[in-house]
Amino acid sequence: MSLEENLQRFRSISAELSTLTGIQALLGWDQQVMMPVAASEERGQQLALIGGLIYDKSASDEVGKLLDELSREVGDLDADNDLAREIKLAKHSYEQATKVPKALMMDFITTTARSQTAWIQAKPANDYASFQPHLQRVIEISREMADCFKPWDHPYDALLDQYEPGMKTAEVQDIFNALRPRQIELLRQIASCEQVDDSFRFARMDVAMQRKLTEYVAGLIGYEWQRGRLDESLHPFTTNFGREDVRITTHFKENDGLSAFFSTMHETGHALYELGIDRRWNGTWLSNAASMSMHESQSRLWENLVGRSQPFWQFFYPTMQAFFPEALGNVSQESFYRGINKVNPSLIRIEADEASYNLHIMLRLELEIGMIEGKIHSRELPAIWNDKMEEYLGHRPDNDREGVLQDVHWPGGMIGYFSTYALGNLISAQLWEKMLQDQPSVPEDMAWGHFAGILQWLRENVHRHGLRYSSQDLVKRITGHGIDPDPYMRYLTEKYRAIYQF
Ligand code: ZN
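Taking our numbering, the leading residue of the sequence shown gets 4, the next gets one more, and so forth.
Below you can see the structure in the form of C-alpha cells.
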C-alpha cells in the first residue's frame with residue numbers, strides 16, 4: 004500500500020479509537036456525577052467491555068503493521084515534521100500497549116482494584132498493616148511492568164514516562180534537588196514572621212450562592228458553556244468526550260466556600276487547555292495535551308497565579324463580598340488576600356499552600372523511587388514518611404491516615420504520577436514570567452477584570468500545539484529554558500515577602 008493509503012487506514016482506526024475513548028470517558032463521568040449507587044456492578048461490566056475493545060483495537064497486529072510501514076515511509080522526513088511526530092507518538096503508544104504481556108496487565112488491573120478496596124477500608128481505620136501487603140504487590144507488579152520496557156537508565160523511567168513522556172528520573176531528581184533546600188528555607192523564614200488570620204474562610208457560605216459564583220468565575224476566565232458544563236462530584240476533575248465537550252466538576256463545602264471556588268478555577272484551567280488544542284489535529288495523536296505536568300501548569304496558573312493574586316481580587320472582591328455579605332462584609336480586601344495565601348504547612352497534600360506543596364511531592368517521589376529500586380520495603384514506609392515530613396515540613400503525623408495512607412495514587416497503581424504536580428507548578432511560573440515580558444499589562448488587565456489576554460497568550464503558545472511538542476521541548480521553545488525552579492522561587496519569594504514582611 005502507498006503512504007497515502009496506509010495513512011488513511013491508520014487515521015480511520017485512530018478516529019474510531021478517539022470515539023471509543025470518548026464513550027469510555029462519558030461512562031466514567033456519569034459514574035462519578037450522576038449514576039445511582041446500585042448501578043456500579045453493571046457500570047463495571049460496561050467499562051470492562053469498552054476497555055477491552057479499546058485495548059484490542061489499539062494493540063492489534065494490523066495497527067502494528069501499519070505503524071511499521073508508516074515509520075519506514077516517513078523515515079526520510081525531518082524529525083520535526085508533523086507527520087513524523089504523529090507516527091512516532093503512535094508507535095511509542097503501540098509499544099507501550101503491547102510490550103506488557105496481557106496476563107501481567109490483567110494482574111495489574113485486579114491487583115490495583117483489590118488494593119484500592121483495601122485502602123478504602125484501611126484509611127478511615129488508620130490500619131496501614133492491612134493495606135501494606137497490597138501496596139507491596141502493587142510495587143512488585145509496577146517493577147515487573149517497568150522491566151518490560153528495558154533498556155532504561157533507571158526502572159522508574161518507564162513508570163514516569165506514562166505521565167511525563169520523555170522525562171528521565173535523573174532529570175526530575177536534579178530539578179527537585181535544586182528546589183528542596185530553597186523551599187525549606189522559605190518556609191523557615193515565613194514561620195518566623197507574624198502569622199496571618201484566615202478565620203473568615205470557615206464562615207458559612209450558602210451552597211446555592213457558591214454554585215452561582217463558581218459558574219460566574221469559570222465563564223469570566225474563558226470557559227465556553229456551549230462546549231462544556233460544571234457539575235458536582237466527590238473529588239473535582241476534568242474530563243473530555245471529544246474536542247467539543249470538555250466538562251469540569253467541583254465539590255461544595257458549606258463551611259469552606261473558597262474550596263469550591265479555587266478548585267473550579269483549577270479545573271477550568273485544565274479544561275481551557277483541552278478546549279484550546281488546534282482542531283486541525285482532531286482524530287490524530289497530536290490532539291492530546293503534551294503531558295500531565297503541562298496540564299497541571301495550566302490548572303495551577305489559573306488557580307494560583309491568577310486566582311490567588313492581588314490584582315485578581317482588586318477586581319473580584321466586591322463581587323465576592325456581595326455574594327457573601329455575612330461572611331465577608333467586615334473583611335477588608337487586604338485581609339482577604341493575605342488570608343487566602345496563608346502559609347500553614349499541613350500534613351495533607353491536597354490542603355497544602357503554595358509555599359509547601361512541592362515538598363509533599365518530593366517526599367512521595369523519594370519514597371516511590373526507593374521502593375521501585377528495592378531500597379525501601381513497604382513495611383518501613385510509615386516510619387520513613389513521618390521522619391521526612393518532620394524534616395521537610397516540621398510536622399510529624401501521629402497517625403497513618405494523615406500520613407502514608409492519605410493519597411489514592413499508590414493504591415490505584417499510579418506510580419510515577421506525583422512529580423507532575425510539582426513540575427506543573429514550576430512550569431506555571433516559567434510561563435507566567437514569559438507572558439509578563441510579552442504582555443506587561445496583564446496585572447492591570449486583571450485588576451479591570453480582563454482575562455482574555457492571558458487566555459490568548461496561552462492558546463497561542465501552549466494550548467494549540469497539543470502533543471506536537473513534548474512538555475520539555477515546549478517549555479524550551481516558549482521560555483528559552485528547560486524546566487527550571489528559579490522562576491517559581493522568584494514568584495513565591497516576592498509574593499510571600501510582601502504578605503509576611505520579611
Ligand atoms: Zn489538576
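Ideal Cβ positions, reconstructed from N, Cα and C, are used throughout, including at glycine.
So, is residue i buried or exposed, given that buried needs 16 or more other C-beta atoms within 10 angstroms?
| i | result |
| --- | --- |
| Phe454 | buried |
| Thr113 | exposed |
| Ala161 | buried |
| Gln11 | exposed |
| His238 | exposed |
| Tyr219 | exposed |
| Lys126 | buried |
| Val478 | buried |
| Gly483 | exposed |
| Lys252 | Lys is not the amino acid found at residue 252; the sequence shown has Thr there. With 16 or more other Cβ atoms within 10 Å, it is buried. |
| Asp487 | buried |
| His466 | buried |
| Trp451 | exposed |
| Ser145 | buried |
| Thr120 | exposed |
| Glu7 | exposed |
| Leu278 | buried |
| Gly485 | exposed |
| Trp388 | buried |
| Gln459 | exposed |
| Gly272 | buried |
| Val40 | exposed |
| Ser262 | buried |
State the start and end residues of the unbroken alpha helix (DSSP H) segment that holds residue i.
| i | result |
| --- | --- |
| Asn3 | Any answer about residue 3 is impossible in this case: the structure gives the chain only from 4 up to 505. |
| Arg352 | That residue, Arg352, is in no alpha helix (DSSP H); it is neither H nor E in DSSP. |
| Arg399 | It is not in any alpha helix (DSSP H) - Arg399 carries neither H nor E in the DSSP assignment. |
| Val249 | From DSSP, Val249 is part of no alpha helix (DSSP H) but of the beta strand (DSSP E) over 249 to 253. |
| Thr242 | Thr242 -> not in any alpha helix (DSSP H); beta strand (DSSP E) instead, spanning 241 to 243. |
| Gln313 | 313 to 326 |
| Gln475 | 474 to 482 |
| Tyr166 | First-last for Tyr166: undefined, no H or E at that position. |
| Asp71 | 64 to 76 |
| Val220 | 210 to 223 |
| Thr287 | Where Thr287 is concerned, there is no enclosing alpha helix (DSSP H), given that its DSSP letter is neither H nor E. |
| Gly25 | 6 to 36 |
| Trp435 | 422 to 441 |
| Asn464 | 455 to 464 |
| Asp200 | From DSSP, Asp200 is part of no alpha helix (DSSP H); its letter is neither H nor E. |
| Val445 | 445 to 450 |
| Leu470 | Neither: Leu470 is in no alpha helix (DSSP H) and is coded neither H nor E. |
| Pro3 | The question about residue 3 has no answer, for the chain in this structure spans 4 to 505. |
| Trp122 | 105 to 128 |
| Pro154 | Pro154 -> no alpha helix (DSSP H), and no H or E assigned at all. |
| Leu50 | 43 to 61 |
| Leu275 | 260 to 279 |
| Gly415 | Counting along the chain, Gly415 falls outside any alpha helix (DSSP H), and DSSP gives it neither H nor E. |
Quick check on this structure: which residue in the options has the alpha carbon closest to the alpha carbon of residue i?
| i | options | result |
| --- | --- | --- |
| Ser195 | Leu461, Asp448, Val346, His380 | Val346 |
| Ala62 | Ala93, Gln176, Tyr131 | Ala93 |
| Glu167 | Leu470, Ala106, Leu308 | Leu470 |
| Ile224 | Arg462, Ala28, Thr242 | Arg462 |
| Glu329 | Leu350, Val445, Arg204, Asp356 | Arg204 |
| Tyr58 | Ser21, Asn464, Pro39 | Ser21 |
| Gln504 | Leu216, Ile364, Ile193 | Ile193 |
| Ala206 | Gln124, Glu257, Gln186 | Glu257 |
| Pro321 | Thr101, Gly332, Ser312 | Gly332 |
| Ser296 | Asn361, Gly310, Val445 | Asn361 |
| Asn402 | Trp305, Leu73, Tyr131 | Tyr131 |
| Leu189 | Trp413, Gln475, Gly397, Arg404 | Gly397 |
| His157 | His468, Gln176, Ser43 | Gln176 |
| Ser5 | Glu76, His137, Gly67, Pro104 | Glu76 |
| Glu383 | Leu138, Gly222, Asn428 | Leu138 |
| His363 | Gly286, Ala432, Ser262, Asn428 | Asn428 |
| Asp259 | Glu227, Val210, Trp288 | Val210 |
| Gly406 | Ala386, Glu247, Arg480 | Ala386 |
| Ala292 | Gln475, Ala41, Gln49 | Gln475 |
| Lys171 | Asn464, Gln324, Tyr420 | Tyr420 |
| Val66 | Ser15, Arg250, Leu107, Pro104 | Ser15 |
Determine the extent of the beta strand (DSSP E) in which residue i is found, giving its start and end residues.
| i | result |
| --- | --- |
| Asp234 | 233 to 235 |
Report the partner residues of residue i according to the DSSP bridge assignment.
| i | result |
| --- | --- |
| Val175 | Paired residues: none, contrary to the question. |
Check whether the Cβ of residue i lies closer than 8 Å to any heavy atom of the ligand GDP, and answer yes or no.
| i | result |
| --- | --- |
| Ser294 | In terms of ligand content, the structure shown lacks the ligand GDP and carries the ligand ZN instead. |
Any residue whose CB is nearer than 6 Å to a heavy atom belonging to the ligand ZN, listed in chain order:
His269, His273, Glu299, Ser302
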